[in-house]
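*Asks:* Residue numbers (our numbering): 12 to 554.
Note that beta-carbon positions come from the ideal geometry of N, C-alpha and C, so glycine has one too.
Source: prediction; values computed, not measured.
My questions will all concern the structure given below.
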Amino acid sequence: MSLHIVPTTPFPGQRPGTSGLRKPVSVFQQPHYLENFIQSIFDVLEGSAGQTLVVGGDGRYYNREAIQILLKMAAANGIGRVLVGQGGILSTPAVSCLIRKYGAYGGLIFSASHNPGGPQGDFGIKYNIGNGGPAPEKVTEAIYARTQQIREYRILEAPDVDLDRLGEQRLGSLTVSVIDPVADYLSLMQRLFDFEAIRDYLASGIRIAFDAMHAVTGPYARAIFQGSLGAPEGSVLNGQPLPDFGGGHPDPNLVHARSLVELLFREDGPDFGAASDGDGDRNLILGRQFYVTPSDSLAVLAANAQLVPGYRQGLSGIARSMPTSQAADRVAAKLGIPCYETPTGWKFFGNLLDAGKVTLCGEESFGTGSHHIREKDGLWAILFWLNILAARRQPVRQIVEEHWRTYGRNVYSRHDYEGLPVEVAEALMADLRRSLPGWVGQRLGSHTVAYADDFSYTDPVDGSTTSHQGIRIGFEEGSRIIYRLSGTGTYGATLRVYLERLELDPARHGLDPQVALAEQIQLADHLAQIRARTGRQQPDVIT
Ligand code: G1P
Ligand code: ZN
């Protein structure tokens, strides 16, 4: 084994986005590309010598190769120990759990989340800090700055580590511990939820279906649902992680989890359905012939938290990302606890959770979580739902409809326009931003504009400010139209339009959201001239 110091030159564009550095596999496969980024991480980590890192990925194409490179570079950069999931597998929430449990210095997750995998798909890398959460912007910006100056990287020339053999191996001065990816995560879930009650509930003839989408949650879901909770074999669908996710798009929404949705919408379908994404941090919740929006899901979890052992002592507060509907705000108001509005991306919840200001947090993009770790957590959300169902013994639909009757329904939808030319999308946003001041107080259709701004956020814990986080147009009766550009795409630009309206009349709660939001949908197009500027007649994805 020998230490190599390899000369290199910077690559442009190694700036981490909403959730780490994400690029097509072919970009990551360029000589030195991954190495430059990893060395830049090591260069900005102070005091990491001799420390422990947690490492794993979602099993996508290039996962094993990337982990071998990381291990050899960790050895050459003086890291003391790496905990790596067997087979290179660790879900994002499991990494967060392990960092916290073992007091690790940080962790690296190889994933492009819900983006497709395979040689033609995407790859990605995220760095998490010692609290278990995504690196905050000052760290990711420092990493990016370093990528622009890098001249060399350090790597140990050594044979590959056997990632399939549990136990310890040496790589120079580095100890590599190959660990069971599921065990520690499962024991955390057992502390939070009433597994016995859920087991009894499932044994009473309730049928569940969980779609792992051939991504990382397969092994976790088999151990939890079919192992610990006694659900019959076959309850976990697509449970084998595959490098190309079986050719699918591992994003648990109504479009990409279509086969699960179709199963749940059959008259004789299962009582409860759920799915998670590539790296296991997102969740989709379905009842029989019923879809729960992620914004409603957060609100329902908050309103029922006292039924769940890990949350029985009450919630300190709730946080939601700005585009997430205000359903959770209404629950928080009733509970008499604060509700924080943060920019898009899980990293903005970290300080609030660390400071004990919030217990639950969520995003409209199928992300829900709590103070148990510092990432959103797909299987956690699903277990939370199962625990509520086991306690209430009512169908999902009934629980949500009752919730609407109590709090009103925040009718909600997101429209995505994908793969737009970057100049077109940026010009649309720039013109929209310029026109904002003129709208306040104006009547648009049947609505009067109460505020129109470009969202900026001051973190209540460290005072840091983040601006340009999306254009908000708020109406006097609480409706909103929000526009922002995706920070996770790898091709062109994606425009997201978020639509929300509060409906207090129970007679109208059953309306299709696209119908209930028709006026806002039209207004959103009118204000931003989406169709005219993009030539698109409708969104690519509606959730
Ligand atoms: C998307 C979601 C956002 C989420 C992120 C990572 O980011 O909108 O809520 O935190 O993926 O899963 P976007 O592409 O909108 O920047
Ligand atoms: Zn994800």
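Who's in the neighbourhood of ligand 1, going by beta-carbon under 5 angstroms from any heavy atom, listed in chain order?
*Replies:* Those satisfying the condition are, in chain order, Thr29, Ser30, Thr355, Gly356, Glu374, Ser376, Ser497, Gly498, Thr499.
*Asks:* To the nearest angstrom, report how far apart Ala529 and Gln453 are at their CA atoms.
*Replies:* Looking at the two C-alpha atoms, the distance is approximately 20 angstroms.
*Asks:* Which ranges does the alpha helix (DSSP H) cover as unbroken runs of at least 4 residues, wholly within the segment 194-273, from first to last along the chain?
*Replies:* 194-203, 206-214, 228-232
*Asks:* Going by Cα to Cα distance, which pick from Phe48, Leu513, Thr103 is closest to Gly291?
*Replies:* Thr103
*Asks:* Between Gln531, Pro230, Gln159, Ser51, which has its C-alpha nearest Leu510's C-alpha?
*Replies:* Gln531
*Asks:* Which partner residues does Pro145 have in the DSSP bridge list?
*Replies:* Asn139
*Asks:* Put Arg26 into one of helix, strand or coil per three-state DSSP.
*Replies:* In the structure shown, Arg26 sits in coil (DSSP, three-state: anything other than H, G, I, E or B).
*Asks:* How about Ser124: is its Cβ closer than 7 angstroms to a heavy atom in ligand 2?
*Replies:* yes
*Asks:* On a Cα-Cα basis, can you pick out the residue from Val451, Ala461, Arg544, Gly419 that is closest to Asp516?
*Replies:* Gly419
*Asks:* Does the distance from the CB of Pro192 to the CB of Ala105 come in under 8 angstroms?
*Replies:* yes
*Asks:* Applying the 10 Å Cβ sphere with the 16-neighbour rule, what's the burial state of Ser478?
*Replies:* With fewer than 16 Cβ atoms within 10 Å of its Cβ, Ser478 is classed as exposed.
*Asks:* Give the secondary structure of Glu152 by DSSP, where H, G and I count as helix, E and B as strand, and everything else as coil.
*Replies:* helix
*Asks:* Use the C-beta contact count for Gln548: other C-beta atoms within 10 angstroms, 16 or more gives buried, fewer gives exposed.
*Replies:* exposed
*Asks:* Count the other C-beta atoms from every protein chain shown that fall within 10 angstroms of the C-beta of Ser124, then say buried if there are 16 or more, exposed otherwise.
*Replies:* buried
*Asks:* Compute the minimum distance between the beta carbon of Thr103 and the heavy atoms of ligand 2, and state whether it is under 7 angstroms.
*Replies:* yes
*Asks:* Any contact between the segment 124-137 and the segment 85-97? By contact I mean 3 or more CB pairs, one from each, below 8 angstroms.
*Replies:* Judged by Cβ distances under 8 angstroms, the segment 124-137 makes no contact with the segment 85-97, as fewer than three pairs qualify.
*Asks:* What does Gly284 pair with, by DSSP beta-bridge criteria?
*Replies:* Ala220, Leu297
*Asks:* Helix, strand or coil for Ala169? Go by DSSP, reduced to three states.
*Replies:* coil
*Asks:* Just checking Arg293 against ligand 2 - is the residue's beta carbon closer than 7 angstroms to any of the ligand's heavy atoms?
*Replies:* yes
*Asks:* For Ala314, which residues in the same chain have their Cβ closer than 7 angstroms to its Cβ, ignoring the five residues on either side in sequence?
*Replies:* Val342, His414
*Asks:* Within 7 angstroms: the Cβ of Gly70 and any heavy atom of ligand 2?
*Replies:* For Gly70, the shortest C-beta to heavy atom distance toward ligand 2 is 7 angstroms or greater.
*Asks:* Using only the alpha-carbon positions, how far apart do Gln525 and Arg512 sit?
*Replies:* 11 angstroms
*Asks:* If the criterion is Cβ atoms closer than 8 angstroms, does the pair Trp391 and Gly380 meet it?
*Replies:* Yes, these two residues count as a Cβ contact at 8 angstroms.
*Asks:* With distances taken Cα to Cα, identify the nearest neighbour of Thr355 among Pro145, Ile80, Ile52.
*Replies:* Pro145
*Asks:* Bridge partners of Asp133, per DSSP?
*Replies:* Pro35
*Asks:* In terms of residue numbering, what span does the beta strand (DSSP E) encompassing Glu413 cover?
*Replies:* No beta strand (DSSP E) contains Glu413, which is instead part of the alpha helix (DSSP H) from 407-418.
*Asks:* Under 8 angstroms by Cβ, that's how I've got Val36 and Gly98 pegged, so tell me the actual separation to the nearest angstrom.
*Replies:* Not a contact, Cβ separation roughly 19 angstroms.
*Asks:* Tell me which residues share the same chain as Phe134 and place their Cβ nearer than 6 angstroms to its Cβ, disregarding the 5 neighbours each side in the sequence.
*Replies:* Within the same chain, Phe134 has close Cβ partners Val36, Phe39, Tyr73, Ala123.
*Asks:* Count the other CB atoms, across all protein chains shown, that sit within 10 Å of the CB of His15; report buried if there are 16 or more and exposed otherwise.
*Replies:* exposed
*Asks:* For Ile502, count neighbouring C-beta atoms within 10 Å of its own C-beta (all shown protein chains included) and say buried if the count is 16 or more, exposed if not.
*Replies:* Contrary to the premise, residue 502 reads as Tyr rather than Ile in this sequence. Burial call: exposed.
*Asks:* Assuming contact is defined by CB atoms lying nearer than 8 angstroms, are Met84 and Glu46 in contact in what I supplied?
*Replies:* yes
*Asks:* Quick one: is the Cβ of Asp290 within less than 7 angstroms of any heavy atom of ligand 2?
*Replies:* yes
*Asks:* For Phe53, name the three-state secondary structure that DSSP assigns.
*Replies:* helix
*Asks:* Taking only beta-carbon atoms, is Ala123 less than 8 angstroms away from chain D?
*Replies:* As a matter of chain content, chain D is missing from the structure shown, which is built from one protein chain.
*Asks:* Grab the span of the alpha helix (DSSP H) containing Ile78 for me, first residue to last.
*Replies:* 74-87
*Asks:* Apart from the five residues just before and just after Asp175, which ones in its own chain have a Cβ nearer than 7 angstroms to its Cβ?
*Replies:* Gln97, Gly98
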